[in-house]
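Per the UniProt record's numbering, residue 1 is the first one in the sequence shown, and the count goes up by one each step.
Backbone N, C-alpha and C define an ideal beta-carbon position, used for all residues, glycine too.
No experiment lies behind these values; they were computed from the predicted model shown.
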Amino acid sequence: MYYRQINYIVQPGDSLDTISRKFETNAERIKYENQLTSNIIYIGQQLVVPVIAERNIYIVQPGDSLYTIATKLGVSIGELQRINQLRSNTIYVGQQFVIPEEIDEDYYVVQEGDSLSSIAQRFETTVGTIKTLNNLDTNIIYINQRLKVSEIDERQTEYVVKSGDSLYEIARRYNTTVESILILNHLESMNLTVGQRIKIPAYSEVIVNIDSANVRQRPGSNFRVIAQMDRGARLPLIGVQGNWYKVVLFNGNPGWISKTVSTLRAYDGSNPIIQILGYYTLSEGPTLPSSYQSFVTNTGNISQNGLFLFRINKDNPTTIEKFGQFTDEEVRNLVRIGHRHNVKMLATVHNLLYAEGVELAKQVIHELVSSEQNMVAFAENLVRLVERYGLDGVDIDIEDLLEEDRNRLTQLYRVIGRVFDARGYFFSTAVPSKTGPEDPSVFAKPFDYPKLHVPTDQFVIMLYNEHGWPGSGPGPVVSIGRMEKVLRYAITVMPKEKIVAAVSVFGFDFNLQTGRAAYASFDRAMTLAKQYNKEITFDEETKTPMFAYTDEQGVNHEVWFENRESIKAKAELADRLGIRGLALWRLGMEDEGMWDMLESEVVVRKAGLEK
């Protein structure tokens with residue numbers, strides 16, 4: 001069903017039921033569009049009423065993404081972006097899309113009997129071009145694989161003013177606001193001249209400039225407060241009305257904040273624009289502090305926080321246990337801090353670090369997925385966990401899995417997705433990385449990317465396993481080359497806007513005699529370099545800092561780690577590939593200079609627009 005919106009003034013005798021019948025819509029949709037918490041309305045109240053539209057207009061619904069809309073309408077994401085002049089993948093509830101009348105696919109889903117040759121012939125391109133666009137090493141393809149078949153430049157950053165143009169028309173065309181265009185281009189008036197070059201904002205946000213600011217349900221100081229934000233909180237901008245900015249909150253809900261308590265910023269896309277998911281842990285020892293200080297100091301450049309504080313209970317895998325020593329109030333305080341800085345807060349629930357080891361971890365999941373009853377019970381317990389702490393959703397981190405449970409894990413995710421969708425909670429998952437369906441990694445093999453991603457809102461691909469495991473030899477935890485190869489495979493089997501690339505902020509000190517690798521935070525790496533008076537070099541091929549030293553026993557070591565420069569390279573790649581962003585494992589181990597880099601050389605987009 002496709003909708004358009006009209007404004008309606010409540011008349012004497014009106015009720016939500018009579019209005020819904022009058023416009024052939026439904027009362028619940030009216031309540032949602034107007035953020036009503038009850039059926040009470042009053043004479044003179046202005047309501048937004050969604051009514052059935054012609055098929056050439058689509059109104060974004062809760063839970064929509066560009067991928068789901070494109071699938072629903074039978075068009076490609078690229079065509080949807082082109083016809084609506086969208087320069088990013090961000091959308092918001094209530095946004096109106098023009099539906100393309102003619103389909104010009106830039107992606108194709110492989111069908112039975114297809115070959116690269118037949119696909120190239122159909123789209124009037126070459127096999128070589130398709131292989132380059134999809135980073136394919138061979139001509140082997142498989143059913144349901146999503147292939148890019150044409151290259152469209154989606155990064156238009158300038159517009160040349162034509163006769164009859166106005167800022168209002170340009171803003172509407174590019175899905176931005178007049179205020180954002182004015183600020184980005186340092187314009188002092190609305191007047192335009194033919195031939196004038198206008199930078200088009202790729203992303204806009206407002207930043208709270210007082211100690212505490214209210215976000216309201218509607219534009220006006222008499223409307224209900226739905227959130228409070230602390231100084232420095234950043235909120236994505238989606239509209240302007242009078243003296244009020246329309247923004248998006250961490251949970252995806254729209255709200256309104258006064259211009260008098262916030263500052264508008266607009267960005268042209270010349271720097272990477274990505275989300276940052278920061279993983280939070282308790283202290284791991286005297287040299288590995290908890291993530292608390294890193295989190296509370298850098299909330300402005302964190303979009304989401306995954307609290308690595310929960311584990312699947314080995315004695316009853318349908319339940320969740322605390323992972324470490326902490327109180328409920330400590331977690332609730334973290335959630336309050338995050339929400340007051342517009343950070344989406346997630347419970348990371350895992351099956352790791354049992355005393356009995358990896359085989360027990362696999363058996364825990366085997367029991368969990370052994371029946372539909374277990375799956376439903378687990379999903380309901382996840383809901384209870386979210387509601388106990390006031391969280392926004394979960395990030396399921398199942399890493400040790402029997403290959404025989406591959407399909408059952410997908411079924412578990414379908415159950416979680418169904419339960420979470422019904423309640424409006426966010427469902428993220430973190431999975432091991434692979435470069436393709438035939439990747440030899442036994443660790444990653446049980447994870448079926450094409451099916452597993454479907455019920456999720458976010459797909460975090462954990463890239464930190466290139467080096468550092470027993471027998472790996474020395475090298476970077478995540479080289480830029482492997483990162484790109486993994487992501488180029490992933491974007492052929494799922495929407496790229498759903499993908500988050502999880503990278504390390506730590507490194508390893510490799511003992512070249514024993515073959516063992518010791519965990520090394522940035523500070524530990526710096527201490528070793530200073531202790532042995534070694535100069536740090538930046539390996540351009542892998543985009544990773546490293547140095548070598550010989551210890552007091554004459555044993556040679558290599559230290560490979562991460563710093564602001566290596567994380568910047570990964571942020572640039574994430575932006576270039578069009579994925580959602582980066583996840584950082586973990587907060588508290590990083591180069592503090594990374595945050596300065598994110599502030600000045602990257603635009604960290606807050607969460608909420610994706611759901």
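Subject >> Complete runs of the beta strand (DSSP E) confined to the region 171-220 [at least 3 residues] >> reply: Within the region 171-220, the complete beta strand (DSSP E) runs of at least 3 residues are 197-199, 203-208 and 212-216.
Subject >> Whole-angstrom distance between Thr287 and Thr319, CA atom to CA atom >> reply: If you take the alpha carbons of Thr319 and Thr287, they lie about 32 Å apart.
**OP:** Report whether the distance from the Cβ of Ala171 to the nearest heavy atom of the ligand GTP is below 7 Å.
**Re:** Among the components of this structure there are no ligands whatsoever, and the ligand GTP is therefore not found.
**OP:** Answer yes or no: do Leu264 and Glu188 have a C-beta to C-beta separation smaller than 8 Å?
**Re:** Cβ atoms of Leu264 and Glu188: not closer than 8 Å.
Original post:
With DSSP run on the structure shown, which of helix, strand or coil describes Arg406?
Top reply: Residue state for Arg406 is assigned as helix, using DSSP reduced to three classes.
Original post:
What does DSSP give as the partner residues of Thr544 in its beta bridges?
Top reply: According to DSSP, residue pairing for Thr544 in a beta bridge involves Asp539.
Subject >> Continuous beta strand (DSSP E) stretch holding Thr429: start and end >> reply: For Thr429, the enclosing beta strand (DSSP E) begins and ends at Phe426 to Pro432.
Original post:
In its own chain, which residues sit with a C-beta less than 6 Å from the C-beta of Glu610, not counting the 5 before and 5 after it?
Top reply: In the same chain as Glu610, and ignoring 5 residues on each side of it, no C-beta atom comes closer than 6 Å to its own.
Subject >> C-alpha gap between Ser15 and Asn84, whole angstroms >> reply: If I take the Cα positions, the gap works out to 36 Å.
Original post:
Measuring CB to CB, does Ile200 end up less than 8 Å from Thr177?
Top reply: Result no, Cβ atoms of Ile200 and Thr177 do not sit closer than 8 Å.
Original post:
Excluding the five sequence neighbours on either side, which residues of its own chain have a C-beta within less than 7 Å of the C-beta of Arg414, listed in chain order?
Top reply: Within the same chain, Arg414 has close Cβ partners Pro455.
**OP:** Only counting runs of 3 or more residues, tell me where the beta strand (DSSP E) segments fall wholly within the region 316-369, in order along the chain.
**Re:** Annotation: the region 316-369 contains the following complete segments of the beta strand (DSSP E) (minimum length 3 residues), in chain order: 320-322 and 344-350.
**OP:** Please classify Glu284: does DSSP put it in a helix, a strand, or coil?
**Re:** In this structure, Glu284 counts as coil in the three-state DSSP scheme.
Original post:
Would you call the CB atoms of residue 613 and Val500 closer than 8 Å?
Top reply: Residue 613 is absent from the model: the chain starts at 1 and stops at 611.
**OP:** Within 10 angstroms of the Cβ of His341, are there 16 or more other Cβ atoms? Answer buried if so, exposed if not.
**Re:** Answer is buried; the Cβ neighbour count reaches 16.
Original post:
Can you list, in chain order, the residues of its chain whose CB lies under 8 Å from that of Glu102, leaving out five sequence neighbours each side?
Top reply: Low confidence applies to Glu102: its pLDDT is 44, below 50, so where it sits in the model is not reliable enough to give any reading.
Subject >> Residues that DSSP places opposite Ile141 in a beta bridge >> reply: According to DSSP, Ile141 shares a beta bridge with no other residue.
Original post:
Can the beta-carbon of Tyr425 be found closer than 8 Å to that of Val386?
Top reply: Yes. Within cutoff.
Subject >> His186 burial status per 10 Å Cβ neighbour count (16 or more: buried) >> reply: Exposed is the call here.
Subject >> At least three beta-carbon pairs within less than 8 Å, the region 226-246 to the region 257-271 >> reply: Judged by Cβ distances under 8 Å, the region 226-246 makes contact with the region 257-271, as three or more pairs qualify.
Original post:
Is it right to say Glu466 is buried, meaning 16 or more other beta carbons lie within 10 angstroms of its own, or is it exposed?
Top reply: Note on Glu466: 16 or more other CB atoms within 10 angstroms of its CB, so buried under the neighbour-count rule.
**OP:** If I'm right that Glu562 touches Phe506 with Cβ under 8 Å, what's the distance once you round it to whole angstroms?
**Re:** Correct: roughly 7 Å between the Cβ atoms.
Subject >> CB of Ala574 within 8 Å of CB of Glu558, strictly >> reply: In this structure, Glu558 does not lie closer than 8 Å to Ala574 by Cβ.
Subject >> Spatial distance of Glu497 from Gly581 (CA atoms) >> reply: Rounded to whole angstroms, the separation of the alpha carbons of Gly581 and Glu497 is 9 Å.
Original post:
Helix, strand or coil: how does DSSP classify Thr68 here?
Top reply: When DSSP states are grouped into helix, strand and coil, Thr68 belongs to the helix group.
Subject >> Cα-Cα separation between Gln293 and Met229, rounded to whole angstroms >> reply: Distance between the alpha carbons of Gln293 and Met229 is about 19 Å.
Subject >> When Leu353, Pro272, Gly306 and Arg122 are compared against Ala569, the one with the closest alpha-carbon >> reply: Of the candidates Leu353, Pro272, Gly306 and Arg122, the residue whose Cα lies closest to the Cα of Ala569 is Pro272.
Original post:
How big is the Cα-Cα spacing for Ile238 and Thr25?
Top reply: Whole-angstrom Cα-Cα distance: 25 Å.
**OP:** Please name the residue, chosen from Asn313, Val98 and Val225, that lies closest to Ile365 on a Cα-to-Cα basis.
**Re:** Comparing C-alpha distances from Ile365 to each of Asn313, Val98 and Val225 shows the shortest one belongs to Asn313.
Original post:
Can you tell me whether DSSP reads Phe23 as helix, strand or coil?
Top reply: Coil at Phe23, not helix or strand.
Original post:
Where does Glu558 fall in DSSP's three states?
Top reply: In the structure shown, the three-state DSSP call for Glu558 is strand.
Original post:
DSSP on Asn243, reduced to helix/strand/coil?
Top reply: The answer is coil: DSSP assigns Asn243 none of H, G, I, E or B.
Original post:
If we count Cβ pairs, one from each stretch, closer than 8 Å, do we get three or more for the region 275-284 versus the region 208-218?
Top reply: The answer is no - the region 208-218 does not touch the region 275-284, with fewer than three Cβ pairs under 8 Å.
Subject >> Cβ neighbours of Pro62 in the same chain (closer than 6 Å, five flanking residues each side left out) >> reply: Residues Val93 of the same chain have their beta carbon placed closer than 6 Å to that of Pro62, with the five preceding and five following residues left out of the count.
Original post:
Rounded to a whole number of angstroms, what is the C-alpha to C-alpha distance between Leu346 and Ser428?
Top reply: Going from the Cα of Leu346 to the Cα of Ser428 covers about 9 Å.
Original post:
Since Val110 and Asn144 are thought to touch, with beta carbons under 8 Å apart, how far apart are those beta carbons, to the nearest angstrom?
Top reply: Correct: roughly 6 Å between the Cβ atoms.
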